[in-house]
Amino acid sequence: MSSPFNIVTRAVELADAAETELDVRVVGMGATGAGVALDAASRGLRVAVVDKGDLASGTSSKSSKLVHGGLRYLENYEFGLVREGVMERQLLMRLAPHLVRPMDFLYPVWPDTAKRRLLGLGLTTYDVFAIAMAGRGDVRRHEKISAEEAIALAPALAESGLLHSFLYGDCGTDDARLVLAVVQAARSFGALAVPYAEVTGLRTGPDGRVRGAVLRDRVGGADVEVPARPVVNATGVWVDRLQSLEQPGRPAVVQPSKGVHVVVPRERLPLLEASVLLPSKQGDGRSMFAIPWGAQTILGTTDTPYDGAIEDLSLTGQDLDYVLAAGNHVFRRALVADDVLGAWAGVRPLIRPTTADGSMSDISRRHTLVEGSGGLLTITGGKLTTYRRMAKDVVDRIVARDGRRARCRTDEIPLSGSQPLDVLTAEVVQAAAGLGLEAGTADGLVRQAGEQAHDVLSLVAADPSLGEVLSPSAPHIAAEVVHATRAEGAMTLDDVYSRRLRLSLRARDAGLPSAPLAARLLAAETGRDQAWATAQVAAYTDAVRRERGVLGLIGVPLDTVLGAAG
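One point on numbering: in numbering that gives the first Met the number 0, the residue at position 512 of the sequence shown is 511, and numbering is uninterrupted.
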């Protein structure tokens with residue numbers, strides 16, 4: 000049975016955070032912040048983690064949806080970084096098998112592919128790092144295959160003039176739901192988790208050390224003081240803002256890098272059983288991925304300097320042209336803007352280089368831990384795959400500074416329950432069939448919620464109307480909206496459709512035709528009225544339009560949607 004994680008528990012935990020002398024207060028509920036909360040709580044520390052928005056509402060929901068070693072980092076001889084990534088990948092496959100799943104990848108080789116004789120050596124190195132974690136996962140070791148074999152796995156390569164390909168293994172995930180699983184695990188160890196609580200100030204003691212923070216409750220509207228020592232800054236691309244509250248004028252740590260992905264129908268970019276790593280064809284050293292994602296294919300990502308307002312990030316015409324041109328250069332599919340179903344833009348918090356030369360793709364993905372003059376601990380850099388290792392470094396510093404003896408346990412804490420995945424899947428498929436639900440819905444529930452899939456099905460058993468499918472683009476059902484509101488910390492329609500169900504990314508209409516129904520369910524669960532539900536649909540529509548930028552919502556019957564909401 001899922002533990003409650005909703006608007007009621009949020010209010011209780013916010014009050015507890017204000018009244019309790021905490022050992023650690025974490026700002027930022029992305030992958031790293033959630034990881035710090037789990038690590039600290041599982042070592043017996045009193046922890047609260049807050050975020051100015053929803054969990055994973057920043058970079059952690061806008062990645063390439065991969066848990067990987069980072070094959071391309073071998074080009075920069077970052078062997079330690081790749082080894083760390085591969086080992087964390089292997090570990091996460093064991094801890095969260097419903098979320099971190101093996102995938103086959105193709106590295107195509109053409110007659111003009113640079114350094115192609117070194118590819119086999121690089122992939123052998125990749126395999127060796129995985130062997131070091133033998134028995135903790137199962138991804139294929141690399142092999143060289145013919146052009147015909149590669150095309151059988153990825154028909155989109157048929158017209159590309161392929162010479163041959165390397166086939167290797169890595170993993171895919173749902174990034175936002177991985178963060179959710181980590182937050183839920185942290186709460187099971189007693190961590191307080193409060194979304195929509197923005198830090199507006201830091202409090203210091205007579206010695207100048209940070210002793211707490213001032214929060215703006217973005218649900219209730221009040222300011223709340225939260226005592227804590229230390230405060231951990233895990234706000235990703237916003238770390239410099241929080242650091243400036245401790246030490247105004249401090250040099251920036253982060254060099255933001257914009258990454259854009261687009262989603263197209265799988266029939267327009269057919270990949271049957273493998274993702275494709277696209278070597279750079281644009282002369283900028285940036286590799287891209289084409290990744291099968293249900294009935295869709297993800298194409299991305301870009302890697303360009305970004306100095307604009309992070310809150311206003313959106314897809315530009317230049318972004319779209321770059322991604323489509325890269326895909327068309329390899330696949331010869333003549334993809335155009337009308338093929339794009341959805342898109343997202345994120346900003347990576349890369350560590351600012353000490354020299355001005357070098358492209359964004361040359362900047363290391365290593366992480367750094369910095370302690371400010373007032374004791375604020377800032378962790379930044381890194382990537383989704385290594386969030387657990389980053390969190391360990393933070394908590395190791397805290398326990399060492401406090402003279403505690405408490406080892407890290409997150410390498411043994413499951414994020415999905417203990418039931419074998421094949422057994423769980425069979426049970427959920429059978430139970431779903433008994434309720435008249437599609438097999439695709441059952442499989443999606445397992446992939447998203449693990450053992451909590453049973454809780455979603457229980458809602459349908461109690462109220463069959465909750466079995467209604469929300470979008471033809473992905474077989475999500477109304478019960479998932481209710482479950483997200485009760486047990487997954489979702490406070491808004493955008494939380495549900497963008498980060499719990501991902502309809503904003505996968506459906507051309509962003510799930511808007513069913514948004515009025517979902518908003519009414521949210522309102523009923525949270526004690527709100529119809530006016531609030533109507534406002535939620537409007538706010539979600541604006542959020543999707545803003546993120547899609549140049550794509551907009553062409554062809555979506557907004558008048559009908561907004562009329563139904565009211």
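By construction, the Cβ of each residue, glycine as well, lies at the ideal position given by its N, Cα and C atoms.
Only a predicted model underlies this, so the values are computations on that prediction, with no experimental measurement involved.
Beta-carbon proximity check, residue i vs residue j, cutoff 9 Å
{"i": "residue 91", "j": "residue 365", "result": "no"}
{"i": "residue 236", "j": "residue 253", "result": "yes"}
{"i": "residue 69", "j": "residue 384", "result": "yes"}
{"i": "residue 57", "j": "residue 350", "result": "no"}
{"i": "residue 211", "j": "residue 230", "result": "yes"}
{"i": "residue 38", "j": "residue 394", "result": "yes"}
{"i": "residue 97", "j": "residue 122", "result": "no"}
{"i": "residue 228", "j": "residue 22", "result": "yes"}
{"i": "residue 344", "j": "residue 61", "result": "yes"}
{"i": "residue 442", "j": "residue 424", "result": "yes"}
{"i": "residue 102", "j": "residue 294", "result": "no"}
{"i": "residue 566", "j": "residue 420", "result": "This structure cannot speak to residue 566, because the chain is shown only from 0 to 565."}
{"i": "residue 178", "j": "residue 54", "result": "yes"}
{"i": "residue 538", "j": "residue 492", "result": "yes"}
{"i": "residue 651", "j": "residue 490", "result": "Nothing can be reported for residue 651, as the shown portion of the chain is limited to 0 through 565."}
{"i": "residue 16", "j": "residue 223", "result": "yes"}
{"i": "residue 463", "j": "residue 440", "result": "no"}
{"i": "residue 166", "j": "residue 117", "result": "no"}
{"i": "residue 256", "j": "residue 303", "result": "yes"}
{"i": "residue 477", "j": "residue 516", "result": "yes"}
Rounded Cβ spacing between residue i and residue j (contact assumed at less than 8 Å)
{"i": "residue 232", "j": "residue 377", "result": "4 Å"}
{"i": "residue 268", "j": "residue 298", "result": "7 Å"}
{"i": "residue 371", "j": "residue 207", "result": "Not a contact, Cβ separation roughly 10 Å."}
{"i": "residue 319", "j": "residue 261", "result": "7 Å"}
{"i": "residue 468", "j": "residue 521", "result": "18 Å between Cβ atoms; not a contact."}
{"i": "residue 290", "j": "residue 200", "result": "Rounded, the Cβ-Cβ distance is 42 Å, inconsistent with contact."}
{"i": "residue 505", "j": "residue 341", "result": "6 Å"}
{"i": "residue 486", "j": "residue 4", "result": "5 Å"}
{"i": "residue 331", "j": "residue 159", "result": "6 Å"}
{"i": "residue 85", "j": "residue 125", "result": "7 Å"}
{"i": "residue 379", "j": "residue 238", "result": "5 Å"}
Counted within 10 angstroms of its Cβ, other Cβ atoms place residue i as buried (16 or more) or exposed
{"i": "residue 359", "result": "Unreliable placement is indicated for residue 359, whose pLDDT of 47 sits below 50; the coordinate value is still reported in the next sentence. By the 10 Å Cβ count, residue 359 comes out buried."}
{"i": "residue 361", "result": "Annotation note: pLDDT 47 at residue 361 (below 50); position unreliable, coordinate value reported separately. Exposed."}
{"i": "residue 14", "result": "exposed"}
{"i": "residue 220", "result": "exposed"}
{"i": "residue 130", "result": "exposed"}
{"i": "residue 328", "result": "exposed"}
{"i": "residue 83", "result": "buried"}
{"i": "residue 306", "result": "exposed"}
{"i": "residue 337", "result": "exposed"}
{"i": "residue 461", "result": "exposed"}
{"i": "residue 348", "result": "buried"}
{"i": "residue 335", "result": "exposed"}
{"i": "residue 78", "result": "exposed"}
{"i": "residue 550", "result": "buried"}
heavy atom of the ligand ATP below 8 Å from residue i C-beta
{"i": "residue 64", "result": "No copy of the ligand ATP appears in this structure; indeed no ligand is present at all."}
Sequence-distant residues of the same chain with beta carbon closer than 8 Å to residue i, five excluded per side
{"i": "residue 357", "result": "Model confidence at residue 357 stands at a pLDDT of 47, short of 50, so the residue's coordinates are unreliable; what they give is reported in the following sentence. Cβ within range, chain order: n/a, list empty."}
{"i": "residue 12", "result": "47, 191, 192 and 193"}
{"i": "residue 406", "result": "42"}
{"i": "residue 482", "result": "1, 448, 451, 454, 455 and 458"}
{"i": "residue 311", "result": "545"}
{"i": "residue 173", "result": "64, 98, 446, 447 and 501"}
{"i": "residue 277", "result": "107, 286, 287, 288, 289, 325, 326 and 329"}
{"i": "residue 180", "result": "95, 98, 414, 415 and 449"}
{"i": "residue 488", "result": "4, 5, 9, 53, 54, 179, 182, 192, 194 and 494"}
{"i": "residue 571", "result": "Residue numbering for the chain in the displayed model covers 0 to 565; residue 571 lies beyond these limits and cannot be assessed."}
Close beta carbons around residue i, own chain, < 7 Å, minus the five adjacent residues each side
{"i": "residue 566", "result": "Nothing about residue 566 can be read from this structure; the chain reaches only from 0 to 565."}
{"i": "residue 322", "result": "259, 261, 298, 299 and 301"}
{"i": "residue 543", "result": "503, 509 and 552"}
Pick from the options that is closest to residue i, judged by C-alpha positions
{"i": "residue 568", "options": "445, 166, 29 and 477", "result": "Lying outside 0 to 565, the shown extent of the chain, residue 568 is not represented and no answer is given."}
{"i": "residue 145", "options": "138, 77 and 161", "result": "161"}
{"i": "residue 519", "options": "71, 472 and 465", "result": "465"}
{"i": "residue 408", "options": "420, 388 and 422", "result": "388"}
{"i": "residue 242", "options": "369, 352 and 475", "result": "369"}
{"i": "residue 197", "options": "183, 204, 111 and 218", "result": "218"}
{"i": "residue 532", "options": "513, 507 and 564", "result": "564"}
{"i": "residue 66", "options": "266, 434 and 175", "result": "175"}
{"i": "residue 314", "options": "548, 352 and 263", "result": "548"}
{"i": "residue 397", "options": "19, 478, 225 and 24", "result": "24"}
Close beta carbons around residue i, own chain, < 6 Å, minus the five adjacent residues each side
{"i": "residue 185", "result": "36, 37 and 40"}
{"i": "residue 497", "result": "503"}
{"i": "residue 234", "result": "26, 27 and 241"}
Within-9 Å CB hit, residue i to chain D
{"i": "residue 326", "result": "The structure shown contains no chain D; it is built from a single protein chain."}
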